[in-house]
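>
Protein chains: 2
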Amino acid sequence: MAKRVTLAEVAAQAGVSPITVSRALRRPDTVQPDTRARIDAAVAALGYVPDPAARALATGRADVIGVLIPSATNAVFTDVLTGLYDELSETRFDLQYGITRYEPATEEKLLGVFLRQRPAGLIVAGIDQTPAARRLLERADCPVVQVMETGPDPVDMMVGFSHHDAAAAATRHLIAQGYRNPGFLGARMDPRTQRRFAGFRAEAEAGGVFDPERCETTPVPSSVGGGAALLRALMTRRPETDAVFCNNDDLAMGALFEAMRMGFPVPERLGICGFNDLEMMHAAEPALTSVRTNRFEMGVRAARMIRARLDGRDPGPALIDLKPQVQARRSTGGPS
Amino acid sequence: MAKRVTLAEVAAQAGVSPITVSRALRRPDTVQPDTRARIDAAVAALGYVPDPAARALATGRADVIGVLIPSATNAVFTDVLTGLYDELSETRFDLQYGITRYEPATEEKLLGVFLRQRPAGLIVAGIDQTPAARRLLERADCPVVQVMETGPDPVDMMVGFSHHDAAAAATRHLIAQGYRNPGFLGARMDPRTQRRFAGFRAEAEAGGVFDPERCETTPVPSSVGGGAALLRALMTRRPETDAVFCNNDDLAMGALFEAMRMGFPVPERLGICGFNDLEMMHAAEPALTSVRTNRFEMGVRAARMIRARLDGRDPGPALIDLKPQVQARRSTGGPS
DNA sequence: TCATCTAATGATAGCGCTGTCATCGTAGCC
DNA sequence: GGCTACGATGACAGCGCTATCATTAGATGA
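These protein sequence lines map, in sequence, to chains A and U. For the first sequence, the UniProt record's numbering assigns the number 1 to the initial residue and increments by one for each residue that follows. For the second sequence, the UniProt record's numbering assigns the number 1 to the initial residue and increments by one for each residue that follows.
1. Among residues of its own chain, excluding the 5 on either side of Leu231 (chain U), which ones have a beta-carbon nearer than 6 angstroms to its beta-carbon?
2. Are at least three pairs of beta-carbons, each pair with one atom in the stretch 193–206 of chain U and one in the stretch 235–242 of chain U, less than 8 angstroms apart?
3. Give a yes or no on contact between the stretch 269–289 of chain U and the stretch 212–226 of chain U, applying the rule of three or more CB pairs nearer than 8 angstroms.
4. Which of the three DSSP states, helix, strand or coil, is assigned to Val220 (chain A)?
5. Which residues of chain U have a Cβ atom closer than 9 angstroms to the Cβ of Asp40 (chain A), listed in chain order?
6. What is the DSSP secondary structure of Thr73 (chain U), reduced to helix, strand or coil?
7. Can you tell me which of A:Val76, A:Ile19, A:Leu84, A:Val10 puts its alpha carbon nearest to the alpha carbon of residue 366 (chain A)?
8. Comparing the C-beta of Ser223 (chain A) with each C-beta of chain U, is any distance below 8 angstroms?
9. To the nearest angstrom, how far is it from the Cα of Met1 (chain A) to the Cα of Gly15 (chain A)?
10. Hey, how far is the Cα of Gln117 (chain U) from the Cα of Phe93 (chain U)?
11. How many angstroms separate the CA atom of Arg313 (chain A) from the CA atom of Gly151 (chain A)?
12. Is Ile320 (chain A) closer than 8 angstroms to Met148 (chain A) when the C-beta atoms are compared?
13. If the criterion is Cβ atoms closer than 8 angstroms, does the pair Ala125 (chain A) and Pro70 (chain A) meet it?
14. What residues from chain U crowd round Val49 (chain A), counting only those whose CB sits closer than 9 angstroms?
15. Compare the C-beta of Gly160 (chain U) against all C-beta atoms of chain A and say whether one is closer than 8 angstroms.
16. Under 8 angstroms by Cβ, that's how I've got Pro104 (chain U) and Gln129 (chain U) pegged, so tell me the actual separation to the nearest angstrom.
17. Taking the alpha helix (DSSP H) that Gly112 (chain A) belongs to, which residues open and close that run?
18. Is Arg4 (chain U) near the ligand NAD - that is, is its Cβ less than 7 angstroms away from at least one heavy atom of it?
19. For Glu285 (chain A) and Glu285 (chain U), what's the separation of their Cα atoms in angstroms?
20. Quick check: the Cα distance between Thr100 (chain A) and Leu81 (chain A), rounded to an integer number of angstroms?
21. Tell me, please, which residues DSSP counts as bridged to Ser290 (chain A).
22. How should Asp51 (chain U) be labelled, buried or exposed, when 16 other C-beta atoms within 10 angstroms of its C-beta is the threshold for buried?
23. Please report how far the alpha carbon of Leu310 (chain A) lies from the alpha carbon of Val10 (chain A), in whole angstroms.
24. If the cut-off is 8 angstroms on Cβ atoms, which residues from the stretch 84–109 of chain U count as contacting chain A, listed in chain order?
25. Pull up the CB-CB distance for Phe245 (chain A) and Pro182 (chain A), whole angstroms please, since I reckon it's below 8 angstroms.
26. What's the gap between the Cα of Glu138 (chain A) and the Cα of Glu203 (chain A)?
27. Touch check for the stretch 290–300 of chain A and the stretch 315–329 of chain A: three-plus C-beta pairs under 8 angstroms?
28. So what does DSSP say about Gly211 (chain A), is it helix, strand or coil?
29. Can you have a look at Glu108 (chain U) and say buried or exposed, based on whether 16 or more other CB atoms are within 10 angstroms of its CB?
30. Starting from the Cα of Ser89 (chain A), find the closest Cα among A:Ala45, A:Pro335, A:Val64 and give me that residue.
31. Can you tell which of U:Pro28, U:Ser290, U:Pro315 has the C-alpha that lies nearest to the C-alpha of Val326 (chain U)?
32. Taking Cβ positions only, does Met305 (chain A) come closer than 8 angstroms to chain U?
33. Which bits of chain A does Thr82 (chain U) rub up against, with CB to CB less than 9 angstroms?
34. Could you tell me whether any Cβ in chain A is nearer than 8 angstroms to the Cβ of Arg330 (chain U)?
35. Just the C-alpha distance for Arg36 (chain U) and Leu46 (chain U), rounded to the nearest angstrom, thanks.
36. DSSP on Met158 (chain U), reduced to helix/strand/coil?
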C-alpha cells in the first residue's frame, strides 16, 4: 500500500505551514504566486492527494452529491445519471446513488443515510416523497433538486416535465390520426404512471373516446413480454380497440410484437404509441411513435443548478420544465 | 437542519463514557447487556446516527465499496449493479460508482479517486486494466473483485465467464442448426467484444464456415438502429449470409427489424443470435436466440466474496465461472 | 485470605484537515 | 515620520470518532 502523504509533509517540503498549503489548494488566489509554485511542486513531488474524510470532518460537509432513483436498470433513470455524471465528473464532487425500488419507505431510509454524510447536494427522482422524507429534504441544508417531473410545490429546485400533459399530448396525437377507440397499457402503476394515465384519460374523455374497459394495467414492473401480454388481454376483451397508448417503450415494443403474432397490421389495424422514446423506437419495423423525454438534459441541468448554488452563482429559475415532444412515426400513421 | 447528535451526548444520556457507546454500537457483545440497553435507549431517544467521515478518519478506512463500470446505461452493467446493491443494501457498506466510459485512462483516474478514500473493497469490470491501474489494484489493501469476465491472472478475486467460449457456444449452435454462411455483427469493439469475436471466429473456422467478409463491425457504441444498419450493410455486400451472431442483444433486435424491412424471413432465410439474453429477446416475434449471461448473479457473488473477506470468513474459491447458456429460440430455427 | 486472571469500562491521544483569530510586514496617506 | 489598512501567513484548537493502553471490579484457585 502506497503510504499516505499528509498536508503536513507537503508543508514541510515547501517550507510553509500546513494551513498555507490547505489554502493554496482550495483558494489559490489567496497565496503569493511564488509560494503557490513551491507548494504545487511539493504536491507533485510527493504525490499528495487530500483525504476526503478528514476534509469532511473538518468542514462538516462532504463533497458528495446524493442521488436517489427508483431503479438502476430502468433506462429512464440511467440516462439522467449519465447527464449528472457528465456534468460533475470533472468537479470535486462525487456522486453517490441510492436505489429506492419505488418504495417510499426505502427512499426515506436512504435519505437518512445520505444526510448523515452532510452531502453537498441532493437529487431525488419525482415528487412523491413521504411527509417525513419531505421534511428531511426541507431541513437538509444543501441544494435539493427534484428531477423527472414538475409539480406545484418544489422542495427547492425542480427539473422535469408534466407527465399528465405529456400523456395528454400523445393521446391528442392518436385522436388526430383518426383512431377512435384508443386503449391504455400500463405496468407497475407508480405515481408517475398514474399521472400519465390521468393525462390519457382526460384527453380521451375530452375527445369523447374514453372507455375504462380499454385500459389494461398490471402492478408488475414493465417489460417487453409484459407489454405483449397486456395487449393480448386487451385485444381479446375489447377487439374494437384500434390504438394503444403504452405507458412506456418496453410495453410498446411488446405490443408491437404481439400485434404481429395476432396478425394485426400496425398502424392500420392498431396504432401504437410509447413513452420516453428510447433509441430502439425509431429502429423498429414499423418505427414506433413515442414521447421524447429529455432525460440526459434533465441530469445535466440538475447538476448545473446544484453547482451554481454551491459556487454562489445564480442557479437560474428554480423550476425548469423540459417539455417532451411527441415523435410521430409510422406506428401511428392512422387506421386504414 | 436537525442538530447533529454526537457520541458524547449519547454517552452523557446513558451515563457511560463515549468509548463505551462506540463499542456498544460496533461490537455489542463486548458490553454488559444492561449497559447496552441503556445505550440503545439513549441512541433511540436522541436519534443518534454515526458520522461516517469521523469514523473513516479515525479508523483510516471508509465503509465504501467502489465499483468501476464502463457505462451506466448499458443494461449488462446495471444488472450487475442491481445484484451488488441487493446483497449490500442491508449492510453498513455504501456503494460508490465510477463510470469509465470504456476508457482505460478514465478507469485509472477513478481508481485513484476511490483509493484515496481507503475503500473497504473494490469491484472493477473486466480484466483489461492499464498496467498502472493493475498495480494500483494490487497494492490496494482491500479485497478486489474483477467481474464480467474470467481470465488467467486475477488481481485478487474474479466472478465472470469466458466471452470467447460463450461466443463459440453460440456459433456452434448456429452451425448445428444448419446455417452454413454465418456472419458476425459487432459494435464498439471493446476488449470483451473482441474476445467474443475471437470465439466466433475460432468456432466458425473449426466448422469450415468462416469468412472475414461476413464480419461487419463498427467502433460506434451498439444500438438497435446500429444493428439494423450493420445487417443491411452485411446483406448487401454478402447476400449469401444465412445467419448472424450479434455481439449483443441490441444489435440482434436491430437485425431482426432490418430483416423484416428487407423481406428476409427469420429464421428461414436468416438466423439471428444475440448475446446477454435481455428480457426483450424472448418476447420478440420471432423470439430471439441469445446467450444468457448471469449478470445479476455476478453482482451478488462479487458482493458476497467481499463481505466474506471483510468479515474474516472464508470467501470460497477466488475464481467463479458463471458459465452462460445458449437460449435457443425460434430465430435460429434453421434455414428452410 | 491473597495473588492472579478476566471481563467491563474508562482516559488519553490523535486521525488529517480547516475555521478563527493573531501576527507580521509593507504600502499608502496626511 | 507616524499612522492606518490590508494582504500574506501562521498558531491553535477542534471536527466526531476509535486505537491503545490503563484501570477497576469481580471471579477463580491455592
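Ideal Cβ positions, reconstructed from N, Cα and C, are used throughout, including at glycine.
So, to answer that:
1. Locating residue 231 (chain U) in the second sequence gives position 231, counting from the first residue. Within the same chain, Leu231 (chain U) has close Cβ partners Ala255, Glu258.
2. Contact between the stretch 193–206 of chain U and the stretch 235–242 of chain U is absent, because fewer than three Cβ pairs lie under 8 angstroms.
3. no
4. For the purposes of this step, residue 220 (chain A) is taken as the residue at position 220 of the first sequence. Note: Val220 (chain A) maps to coil in three-state DSSP.
5. Residue numbering aside, residue 40 (chain A) sits at position 40 when the first sequence is read from its first letter. In chain order: nothing, as chain U lies at least about 18 angstroms away.
6. As a working mapping, residue 73 (chain U) is identified with position 73 in the second sequence. It is coil, neither helix nor strand.
7. No answer is possible for residue 366 (chain A): the residues shown for chain A start at 1 and end at 336.
8. Reading the first sequence from its first residue, position 223 is the one you call residue 223 (chain A). Cβ-Cβ to chain U under 8 angstroms: yes for Ser223 (chain A).
9. Residue mapping note: residue 1 (chain A) aligns to position 1 of the first sequence, counting from 1. Residue mapping note: residue 15 (chain A) aligns to position 15 of the first sequence, counting from 1. Any reading at Met1 (chain A) needs caution, since the residue's pLDDT is 44, under 50, leaving its predicted position unreliable; the model's value is listed next. Distance between the alpha carbons of Met1 (chain A) and Gly15 (chain A) is about 27 angstroms.
10. Residue 117 (chain U) sits at position 117 when you count from the first residue of the second sequence. Residue 93 (chain U) sits at position 93 when you count from the first residue of the second sequence. Roughly 13 angstroms between the two C-alpha positions.
11. Within the first sequence, numbered from 1, the residue matching residue 313 (chain A) stands at position 313. Within the first sequence, numbered from 1, the residue matching residue 151 (chain A) stands at position 151. Taking the straight line joining both Cα atoms gives about 25 angstroms.
12. For the purposes of this step, residue 148 (chain A) is identified with residue 148 of the first sequence, where counting begins at 1. For the purposes of this step, residue 320 (chain A) is identified with residue 320 of the first sequence, where counting begins at 1. No, Cβ-Cβ distance for Met148 (chain A) and Ile320 (chain A) is not below 8 angstroms.
13. Taking the first sequence and counting its residues from 1, the one referred to as residue 125 (chain A) is at position 125. Taking the first sequence and counting its residues from 1, the one referred to as residue 70 (chain A) is at position 70. The Cβ-Cβ distance between Ala125 (chain A) and Pro70 (chain A) falls below 8 angstroms.
14. As a working note, residue 49 (chain A) is residue 49 in the first sequence. Neighbours of Val49 (chain A) on chain U, chain order: Gly112, Val113, Leu115, Arg116.
15. Looking up residue 160 (chain U) in the second sequence gives position 160. False, the Cβ-Cβ gap to chain A never drops below 8 angstroms.
16. Working through the second sequence from its first residue, we reach residue 104 (chain U) at position 104. Working through the second sequence from its first residue, we reach residue 129 (chain U) at position 129. Right, the Cβ-Cβ distance comes to about 7 angstroms (below 8 angstroms), so this counts as a contact.
17. Sequence index remark: in the first sequence, residue 112 (chain A) carries index 112 (1-based). The continuous alpha helix (DSSP H) containing Gly112 (chain A) extends over residues 104–115.
18. Among the components of this structure there are no ligands whatsoever, and the ligand NAD is therefore not found.
19. Mapped onto the first sequence, residue 285 (chain A) falls at position 285. Mapped onto the second sequence, residue 285 (chain U) falls at position 285. Straight-line Cα distance between these residues: approximately 11 angstroms.
20. Residue 100 (chain A) sits at position 100 when you count from the first residue of the first sequence. Residue 81 (chain A) sits at position 81 when you count from the first residue of the first sequence. The straight-line gap from Cα to Cα measures roughly 15 angstroms.
21. Along the first sequence, one-based indexing puts residue 290 (chain A) at 290. DSSP, once it has assigned bridges, lists A:Gln327 as partnering Ser290 (chain A).
22. If you number the second sequence from 1, residue 51 (chain U) lands on position 51. When all chains shown are included, Asp51 (chain U) counts as buried.
23. Start at 1 with the first residue of the first sequence, and residue 310 (chain A) comes out as number 310. Start at 1 with the first residue of the first sequence, and residue 10 (chain A) comes out as number 10. If you take the alpha carbons of Leu310 (chain A) and Val10 (chain A), they lie about 28 angstroms apart.
24. Tyr85, Ser89, Asp94, Leu95, Gln96, Tyr97, Ile99
25. Taking the first sequence and counting its residues from 1, the one referred to as residue 245 (chain A) is at position 245. Taking the first sequence and counting its residues from 1, the one referred to as residue 182 (chain A) is at position 182. Indeed they touch by this definition, with Cβ atoms about 6 angstroms apart.
26. Here residue 138 (chain A) refers to the residue found at position 138 when the first sequence is read from its first residue. Here residue 203 (chain A) refers to the residue found at position 203 when the first sequence is read from its first residue. Distance between the alpha carbons of Glu138 (chain A) and Glu203 (chain A) is about 35 angstroms.
27. Below 8 angstroms, enough C-beta pairs join the stretch 290–300 of chain A and the stretch 315–329 of chain A to call them touching: three or more.
28. What you label residue 211 (chain A) is simply residue 211 of the first sequence in a count that begins at 1. This sequence places Asp at residue 211 (chain A); Gly is not what is there. Three-state DSSP puts Asp211 (chain A) in coil, outside helix and strand.
29. Along the second sequence, read from residue 1 onward, the residue named residue 108 (chain U) stands at position 108. Buried, since its Cβ has 16 or more Cβ neighbours within 10 Å.
30. As a working note, residue 89 (chain A) is residue 89 in the first sequence. Of A:Ala45, A:Pro335, A:Val64, the residue nearest in Cα terms is A:Val64.
31. Taking the second sequence and counting its residues from 1, the one referred to as residue 326 (chain U) is at position 326. Proximity to Val326 (chain U) across U:Pro28, U:Ser290, U:Pro315 peaks at U:Ser290, based on C-alpha coordinates.
32. As a working note, residue 305 (chain A) is residue 305 in the first sequence. Not one chain U Cβ lies under 8 angstroms of Met305 (chain A).
33. By one-based count along the second sequence, residue 82 (chain U) stands at place 82. Under a criterion of Cβ atoms nearer than 9 angstroms, the residues of chain A adjacent to Thr82 (chain U) are, in order, Ser71, Ala72, Thr73, Ile99.
34. The sequence position of residue 330 (chain U) within the second sequence is 330, counting from 1. Taking Cβ atoms only, chain A never reaches closer than 8 angstroms to Arg330 (chain U), which makes this a no.
35. Taking the first residue of the second sequence as position 1, residue 36 (chain U) is located at position 36. Taking the first residue of the second sequence as position 1, residue 46 (chain U) is located at position 46. Arg36 (chain U) and Leu46 (chain U) have their C-alpha atoms roughly 15 angstroms apart.
36. Position 158 of the second sequence, counting from 1, holds the residue named residue 158 (chain U). Reduced to three states, the DSSP call for Met158 (chain U) is strand.
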